[in-house]
Every structure is written in structure tokens, then in C-alpha cells.
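Chemist: Quick one: this structure, given as C-alpha cells, is what I'll be asking you about.
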Amino acid sequence: MRFNRSEMQQQLVFVGPALLFFTLIVLVPFLLSIYYGMTNWNGVSSTVTWAGFDNYKQIIMHDTDFRNSFWFTARYSAVTVILINLIGLSLALLLTKALKSRYLLRSVFFMPNVIGGILLGYIWHFIFVKGFASVGEWTNIGLFQLPWLGTSSTAFWGLIIVTVWQYSGYLMIIYIAALLNIPKDLKEAAQIDGASRLHMLLRITLPLIMPAFTVCFFLAISWSFKVFDLNLSLTGGGPFNSTKSVALNIYNEAFRNNRYGLGTAKALIFFVVVALITILQVKYTKKKEVEA
Amino acid sequence: MEEITRYTARKLALEVLAWAVALLFLIPFYFIAVNSVKSIGDLLTNAVAWPKSFHWSNFVRSWELIGFSKAFMNSLLITVLSNVGLIVISSMAAYRMVRRATRWNSLLFTVFVAAMIIPFESVMIPLVKVMGELGLTNNRFGLIVSYFGFGVSLNLFLYHGFIKSIPKEIEEAAVIDGCTPYGVFWRMIFPLLKPMSITIVLLNSLWIWNDFLLPLLVLFDPSIKTIPLSIYTFIGERTKQWDLVLPGLVMSIIPMLAFFLLMQKYIIAGVMSGSVKG
């Protein structure tokens, strides 16, 4: 009996605080969102009326804004996930060669990651609006004379450029860690067998770093689907709402239009989509992992 | 291990290529640094050139209008206290879950880890309501408490993996010597966790210092706002006043850049080890 009481106390002291904060901040709001998504809650009044699946019907059947946001976010995510992985991996392959300044270069490429998205967005806002215009006047290159944040297609690519600049270095670090873990004798054996550089890359290096692909795709997907800060400060969703991410749409619905019930329903749909995509991705890339 | 081979012409070419890409990565910093000290007229005529004259007063005006010292102290306080709390609660919970892997604890662990997939946006609306009810909104302490909640999953997961590799025999001797379970943890285990604790503190700091959406939802009073939030408000009121906006941006990124330059070895190592997820 005494033994049990001390066991209970230890469980409470060790695990209790973590469980308490986690429950309060993550679990309870998550469970509440299932309830609020079925109400017409406006965030202010204390009376909350039941709406059943009306919010979901409204979103799926009539909300073209939300549909556009989803379409934009999907396109933005598809392009960024591919580009930041491609560039991150290329940089990693480059900087695992015996270059003299490879450590310095790794730091340079990683640097944008230590700055928050909201600041990055403002920095690039200035560059697109004033910096590019000046470069355009100076060099007469058409690319720099475009109204970058003024049309929907250039604003889309503007967001992509900044995202690639921000995150490639982070994935590069993960790929470098994986590349340095490849046993050297495998490469030597392949070299002796007369394998070409390309052959070694495709048949030995890439299959052996599959676990890094799993992590990097997971990170890239969750970053890009949840884009908010950068979106808000770089384009503000414009021009004409053409670059408005799902996160921004949810935020506006709840905190600008005061339709908390509707916003919560959107947030739950968002959760289901993100969860499904990441689970499928992790399952798929994990299956491709091999043992060295 | 890194390969050690001869430095060939091919390597030199690769090095030059790498630096060309690196310069592209650095140009944005040049743009904002150079233009932050220009007069507005100089800036509007040419945003590429070196400043004709240096207007350091831009920084003074911007600093005062933002209330930068206050914002900096708020960011620092929130980041430090969140880190301390997270380290304590997640290391203790992870230790217990590894050493007493009961069915109940394994289930809890699964729930903590599974919750990592929930996007912040999916809980933020009811979260503001819950925090309001508990008196945690418009309050730096409330923000810190919510970082405990959002950070604990990943931190616990990282500690859990690390503690599994610590042999149990170390503790058994201490127990025989009459140490309490709490004594064993704090005197013997916690010091052994140091490498993982460093990784966790660095990852948490990058996240919390730069976090924007959560503070936006729960901090309203200008005197308690963090740096990203103060900059957002500041720029929102002065969109085209680049001679004030740019110094504000430069001073806001300096603390993090300085922190990175000092700690780069650990941060990069931390990203490497922190990313080795299931």
C-alpha cells in the first residue's frame, strides 16, 4: 500500500505538469473545436446556437474564397516542397565535398532560418517593391521591372522565392547529416567496381539517405501548408485575394469577421487534410527506406 | 566522417559555384542594411547604391517609435522562461515514461507524439477562448504557459529517445545509497541529459523568439508585445516610410543573427540531431 502511494505521487510529480499544460493548451481546445465547429458561435456573446453540419455544408458548397485559398495553398505547397528539397539536397551534396569554406557556407545558407517569417516577409516586400525596381532601372533586365507583388502570378512566385530562400538551408543541414552517415566502404567498393558518379548518386547515395527524405518532406509539407506569417507580411493575401493561404483565411474568418463557429469548422477541415497528407507521405517515403 | 582528398581544379570550380549561390542568399541582407541608413530621398532614387550620406538618426527615431527596448525585454523574458519551464516538465515526464513504461504511460506518450500533427491553426480559435476563461490572455505569463503546452510534445519526444540510451544500472547504485527518486533524477540523470537539453533549448528559442501568430492572438497591450508583434504593428501604421521601417527591420533581426553567429556550431548540430524523428 505504501509502495503504491509513493508510486502515485511520483507519477503525479514527474508526469503531472507536462500532462496538465498539454491538456489545457492543446487537448481541450482541440476537443472544443469539434463542438464549436457545429455552432454559430461569434466569439463574443455567451449564447452559442447549435448548427449541426451547416457550417461544413456552407464551406464545402458555397465558400469560393475558402476553395480558392485551398487551391492556392496546394499549388504553393507542391512547388515549394519540391524546390526546397531539390535545392536543399543539391547544396548538401555540394557542401559535403571537401571544399575549403564548406563550414562557413553551411552557416550562410542556414542563416535565413533564424529570422522569423513576419520579418522575412517585410524584408522581401521592400526588395520586390524598391530593390528590384532599382536593379531593373540600372540593368534594364525585364525580370526586375515586373510589378512583382502587383499581379497574381508574380506574387505567387514571389512567395515561392522567399520560401525557398528561407527553408532550403534547413533541409540542407538534415541532408548533410544523412550524407555524412553513409558508410565509406560502400562508396569505395562501388568506385572499385567502376561505378560512375551519377550511378553512385542514384544507386547508392540517394537510397541510403531515404530516412532524411522522410523527415525533409514531412517538414516541408507542414511548413508550406501552414504558411501564415510570411503570407501576411509579404503579400497580405493580395492582389485580389489570389495568394491568400488557408491559415490566413481561417484567421480572417474568425478574428476579422467574428464568425468563430465557421472559422473553427474550417480549421478542422484543415487539420484533417494536413494530417492525411503527412501520414500518407510518411508511410510512402518510409516504405522506400533501405538498410545499409 | 568527412572525406579528406586532394584539392583539385574541379573542387575549386565547385567552391566558386557555391560562393556564387551564397552571394545570392546574402543579397537581401545587403539591401536592407544599406538602405536603412539612407535619407528617404536617397533611398527612393536608388535602392542599390551605397548611401550618399549615413543617417544613423533613422535608427534612433525607429527605436523610440517601436519601443524597441521594451519589446526586446519582453521577447527575452518570454523565451527564457518558456525554455526553463519546458526543460523541467518535459525531461521529468520523459524520464518517468521511459523508466515506468506502464500501459498507461505508453498510451500517454503516444497521445503526446500524435498531437504533433495538429496544426496550430486548428486549435487557435478555441484556445483563445480557453485562455480568456483562465485569465491567461493579454498577459506574458499566459503566453509562457501556452508555450509549455505547444512545446512539450516535441521536447518530451526528444528526451524520451535520449533517456532510453542511458543504462539503468547507474541509478540502481544511487537508490541503494538511499537517494530519493527526485534526487536520482536531478543529481544523476538531468546532468547526463545536457547535450539533448542544449539542442532543445536552441530549437525552442528559434521557435519562440520568432513566433508571431500566438502572440498576435493573446497579447494586446503595447507594453507587453514581443519584437515580431511590435514590428507588425509599427509597419502596419507606416507602410511607405521606408526610412523608419528598414531600421526597425535591421534592429529586429540583429539579436537573432548575433545569437546564431555565436552559437552556430550548436544550432547546426541541434538541427541535425533534433530532426531524427521516428
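Those protein sequences? They're chains L and P, same order as listed. Residues in the first sequence are numbered from 1 upward in steps of one, following the UniProt record's numbering. Residues in the second sequence are numbered from 1 upward in steps of one, following the UniProt record's numbering. For each residue, glycine too, the CB sits at the ideal point set by N, CA and C.
Out of P/Lys265, P/Ser57, P/Gly41, point me to the one whose CA is closest to L/Lys130's CA.
Modeler: Against the first sequence, residue 130 of chain L aligns to sequence position 130. Of P/Lys265, P/Ser57, P/Gly41, the residue nearest in Cα terms is P/Gly41.
Chemist: Going by alpha carbons, who is nearest to L/Tyr175 out of P/Leu23, P/Ile268, P/Ser165, P/Ala174?
Modeler: Here residue 175 of chain L refers to the residue found at position 175 of the first sequence. It is P/Ile268 whose Cα lies nearest to the Cα of L/Tyr175.
Chemist: Quick check: what's the CA-CA separation for L/Ala51 versus L/Tyr260?
Modeler: Along the first sequence, one-based indexing puts residue 51 of chain L at 51. Along the first sequence, one-based indexing puts residue 260 of chain L at 260. Using only the alpha carbons, I get a separation of about 13 Å.
Chemist: Within 7 Å of any Cβ in chain P, is that where the Cβ of L/Phe109 sits?
Modeler: What you label residue 109 of chain L is simply residue 109 of the first sequence in a count that begins at 1. Closer than 7 Å to some Cβ of chain P, the Cβ of L/Phe109 qualifies, so yes.
Chemist: Check each residue of the segment 117–135 of chain P: if its Cβ is closer than 9 Å to any Cβ of chain L, include it; give the result in chain order.
Modeler: Cβ contacts with chain L: Ile117, Ile118, Pro119, Phe120, Glu121, Ser122, Val123, Met124, Ile125, Pro126, Leu127, Val128, Lys129, Val130, Met131, Leu134.
Chemist: CB-CB under 6 Å to L/Leu83, same chain, minus the five flanking residues each way: which ones, in chain order?
Modeler: The residue given as residue 83 of chain L occupies position 83 in the first sequence. Cβ neighbours of L/Leu83 beyond the five flanking positions: Val164.
Chemist: Residue range of the alpha helix (DSSP H) that P/Asp243 falls in?
Modeler: One-based indexing of the second sequence puts residue 243 of chain P at position 243. Note, P/Asp243: alpha helix (DSSP H), 242–274.
Chemist: Mind checking residue 285 of chain P: buried by the 16 CB within 10 Å criterion, or exposed?
Modeler: The shown model of chain P, from 1 to 278, leaves out residue 285 of chain P, and the question about it has no answer.
Chemist: Alpha carbon to alpha carbon, how far is P/Leu43 from P/Leu154? Give it in angstroms, no decimals.
Modeler: The count along the second sequence starts at 1 and reaches residue 154 of chain P at position 154. The count along the second sequence starts at 1 and reaches residue 43 of chain P at position 43. Each residue's alpha carbon lies about 45 Å from the other.
Chemist: In terms of residues, what are the limits of the alpha helix (DSSP H) holding L/Ser153?
Modeler: Along the first sequence, one-based indexing puts residue 153 of chain L at 153. Element bounds for L/Ser153: 152–180.
Chemist: Using beta carbons (cut-off 7 Å, strictly below), is P/Gln264 in contact with chain L?
Modeler: Translated into positions along the second sequence, residue 264 of chain P becomes position 264. So yes, P/Gln264 belongs to the interface.
Chemist: In terms of DSSP beta bridges, what is L/Thr39 paired with?
Modeler: Translated into positions along the first sequence, residue 39 of chain L becomes position 39. Bridge partners of L/Thr39: L/Trp50.
Chemist: Going by beta carbon distance, what residues of the same chain come within less than 7 Å of L/Leu20, once the five residues before and after it are set aside?
Modeler: Taking the first sequence and counting its residues from 1, the one referred to as residue 20 of chain L is at position 20. Same-chain partners within the cutoff: there are none.
Chemist: May I have the straight-line CA-CA distance separating L/Thr64 from L/Trp71, to the nearest angstrom?
Modeler: Counted from its first residue, the first sequence places residue 64 of chain L at position 64. Counted from its first residue, the first sequence places residue 71 of chain L at position 71. Each residue's Cα considered, the two are about 10 Å apart.
Chemist: Under 6 Å Cβ to Cβ from L/Gln145, same chain only, skipping five residues before and after it: list those, please.
Modeler: The residue given as residue 145 of chain L occupies position 145 in the first sequence. So the qualifying residues of the chain are Gly136.
Chemist: Taking the straight line between their C-alpha atoms, what separation do you get for L/Lys57 and P/Leu108?
Modeler: In the first sequence, residue 57 of chain L corresponds to position 57, counting from 1. In the second sequence, residue 108 of chain P corresponds to position 108, counting from 1. Straight-line Cα distance between these residues: approximately 35 Å.
Chemist: Does chain L have any CB closer than 7 Å to the CB of P/Met272?
Modeler: Here residue 272 of chain P refers to the residue found at position 272 of the second sequence. Closer than 7 Å: yes.
Chemist: Starting from the Cα of L/Gly142, find the closest Cα among L/Thr151, L/Leu149, L/Gly150, L/Phe132 and give me that residue.
Modeler: For the purposes of this step, residue 142 of chain L is identified with residue 142 of the first sequence, where counting begins at 1. If we check each option's Cα against that of L/Gly142, L/Phe132 comes out closest.
Chemist: Short of 7 Å in beta carbon distance, which residues of its chain neighbour P/Phe234, apart from the five on each side in sequence? Order them along the chain.
Modeler: Counted from its first residue, the second sequence places residue 234 of chain P at position 234. Correct list, in chain order: Leu65, Ile66, Gly248.
Chemist: The alpha helix (DSSP H) with L/His62 in it runs from where to where?
Modeler: Start at 1 with the first residue of the first sequence, and residue 62 of chain L comes out as number 62. Run containing L/His62: none; DSSP gives neither H nor E here.
Chemist: Name, going along the chain, the residues of the segment 160–172 of chain L whose beta-carbon falls closer than 7 Å to a beta-carbon of chain P.
Modeler: So the close ones are Trp165, Tyr170.
Chemist: For the alpha helix (DSSP H) holding L/Leu149, just list the boundary residues, first then last.
Modeler: Here residue 149 of chain L is taken as the residue at index 149 of the first sequence, counted from 1. Premise fails: L/Leu149 is in no alpha helix (DSSP H) and is neither H nor E.
Chemist: Taking L/Gly238 as the reference, give the member of L/Arg67, L/Asn258, L/Thr151 with the closest Cα.
Modeler: As a first step, residue 238 of chain L must be located in the first sequence, where it is residue number 238. Among L/Arg67, L/Asn258, L/Thr151, the Cα nearest to that of L/Gly238 is on L/Thr151.
Chemist: Please classify P/Asp211: is it buried, with 16 or more other beta-carbons within 10 angstroms of its beta-carbon, or exposed?
Modeler: Taking the first residue of the second sequence as position 1, residue 211 of chain P is located at position 211. Classification for P/Asp211: buried.
Chemist: State yes or no: is the C-beta of L/Val290 within less than 7 Å of the C-beta of L/Pro183?
Modeler: Within the first sequence, the letter at position 290 stands for residue 290 of chain L. Within the first sequence, the letter at position 183 stands for residue 183 of chain L. Not closer than 7 Å, so no.
Chemist: Judging by CA-CA distance, which residue of P/Pro28, P/His160, P/Thr199, P/Leu192 is the nearest neighbour of P/Thr110?
Modeler: Along the second sequence, one-based indexing puts residue 110 of chain P at 110. The option with the nearest alpha carbon to P/Thr110 is P/His160.
Chemist: Give every residue of the same chain whose Cβ lies closer than 6 Å to the Cβ of L/Ala254, excluding the five residues on either side of it in the sequence, and list them in chain order.
Modeler: In the first sequence, the residue the question calls residue 254 of chain L occupies position 254. Same-chain partners within the cutoff: Tyr260, Gly263.
Chemist: Relative to the C-alpha of P/Val201, which residue among P/Ser53, P/Met124, P/Gly270, P/Pro51 is closest?
Modeler: To locate residue 201 of chain P, count along the second sequence from 1; it is residue 201. Minimum Cα distance to P/Val201 is reached at P/Gly270.
Chemist: Per DSSP, what kind of secondary structure is P/Glu237 in: helix, strand or coil?
Modeler: The residue given as residue 237 of chain P occupies position 237 in the second sequence. In the structure shown, P/Glu237 sits in a helix (DSSP, three-state: H, G or I).
Chemist: Fully enclosed by the segment 147–186 of chain P, which beta strand (DSSP E) runs are 3 residues long or longer?
Modeler: Here no run is fully enclosed.
Chemist: I want to see whether chain L comes within less than 7 Å of P/Met92, judged by CB atoms only; does it?
Modeler: As a working mapping, residue 92 of chain P is identified with position 92 in the second sequence. Judged by the 7 Å Cβ criterion, P/Met92 is in contact with chain L.
Chemist: Over what stretch of residues does the alpha helix (DSSP H) that includes P/Trp50 continue unbroken?
Modeler: One-based indexing of the second sequence puts residue 50 of chain P at position 50. Counting along the chain, P/Trp50 falls outside any alpha helix (DSSP H), and DSSP gives it neither H nor E.
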